[in-house]
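Just so we're aligned, residue -18 is where the sequence shown starts under this note's numbering, counting upward by one.
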Amino acid sequence: MLLDGVNHVAILTNDTERLHAFYRDVFDAPVSLDREENPGVRLSFVDVGPNTQLNVFEVADNDEARRQTPMFGRGRIDHLGLQAASQEAFDTIRRRLIDRGATDGFVTDFGPVLSLFFRDPDGLEGEVCVANPAADPGVHNPPGTPAPGYQRVR
């Protein structure tokens, strides 16, 4: 393979400080750059992995971040999938997202992967994934398959 992962995903916000706080407080994700690119355009980098960033743009008078559309109606990129560093990190992230009201806590057992969906403060749907320690080789479960040991909270 000639690729080594995803370098960055560019997203829009109408409140950079709020978005920084969310990713910092939930994921321990630091901001490595924050500057005004051009008049009315603020750019920041939120590090979400060793080689992966969210490039966050706040553009004056752009209301795209306010629009909400259902899954698979969002255009070319539907949602953002993040990889938890460990099962313990996954559980910590889940608790933090529940505490912020950003998820109902439902964990899907896809077979090889456990998955938790959330919405960030701008409504961008995200997913946190981690390897399933109880996975059976070759078993792939459909969406909505509840993961044992996790309860929906709301």
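Cβ coordinates follow ideal geometry from the N, Cα and C atoms, glycine included.
Predicted model only: the values in this text are computed from it and were never measured.
>> Going by DSSP in three states, Arg100 sits in which element: helix, strand or coil?
In response: The count along the sequence shown starts at 1 and reaches residue 100 at position 119. Looking at Arg100 - three-state DSSP - the assignment turns out to be strand.
>> Can you tell me which residues form a DSSP beta bridge with Ile(-8)?
In response: Position 11 of the sequence shown, counting from 1, holds the residue named residue -8. According to DSSP, Ile(-8) bridges with Val37.
>> Can you give me the C-alpha to C-alpha distance between Phe99 and Thr84, rounded to a whole angstrom?
In response: Taking the sequence shown and counting its residues from 1, the one referred to as residue 99 is at position 118. Taking the sequence shown and counting its residues from 1, the one referred to as residue 84 is at position 103. Looking at the two C-alpha atoms, the distance is approximately 5 Å.
> To the nearest angstrom, how far is it from the Cα of Glu106 to the Cα of Gly119?
Replying inline: The residue you call residue 106 lines up with position 125 of the sequence shown. The residue you call residue 119 lines up with position 138 of the sequence shown. Approximately 28 Å, taken between the alpha carbons.
> Is Arg23 near Glu45, with beta carbons less than 7 Å apart?
Replying inline: For the purposes of this step, residue 23 is identified with residue 42 of the sequence shown, where counting begins at 1. For the purposes of this step, residue 45 is identified with residue 64 of the sequence shown, where counting begins at 1. No. Outside cutoff.
> Near Thr126, which residues of its chain fall below 8 Å by C-beta distance, leaving aside the five closest residues on each side in sequence?
Replying inline: As a first step, residue 126 is located in the sequence shown; it is residue number 145 there, counting from the start. These residues qualify, in order along the chain: Thr89, Asp90, Phe91.
> In chain order, what residues of the same chain lie with their CB nearer than 8 Å to the CB of Ala65, ignoring the 5 residues before and after it?
Replying inline: Here the question's residue 65 lines up with position 84 in the sequence shown. Result list for Ala65: Phe71, Ile74, Val109, Cys110, Val111, in chain order.
> Do Val(-13) and Thr33 have their CB atoms nearer than 7 Å?
Replying inline: Indexing the sequence shown from 1 puts residue -13 at position 6. Indexing the sequence shown from 1 puts residue 33 at position 52. In contact: Val(-13) and Thr33 (Cβ atoms closer than 7 Å).
>> Taking the beta carbon of His121 as the centre, do at least 16 other beta carbons fall within 10 Å, making it buried, or is it exposed?
In response: For the purposes of this step, residue 121 is taken as residue 140 along the sequence shown, with counting starting at 1. Classification for His121: exposed.
> In whole angstroms, what is the alpha-carbon distance linking Asn36 and Asn43?
Replying inline: Looking up residue 36 in the sequence shown gives position 55. Looking up residue 43 in the sequence shown gives position 62. Between Asn36 and Asn43, the C-alpha separation is close to 16 Å.
> Start and end of the beta strand (DSSP E) containing Glu17?
Replying inline: For this step, residue 17 is matched to residue 36 along the sequence shown. Its beta strand (DSSP E) spans residues 12 to 19.
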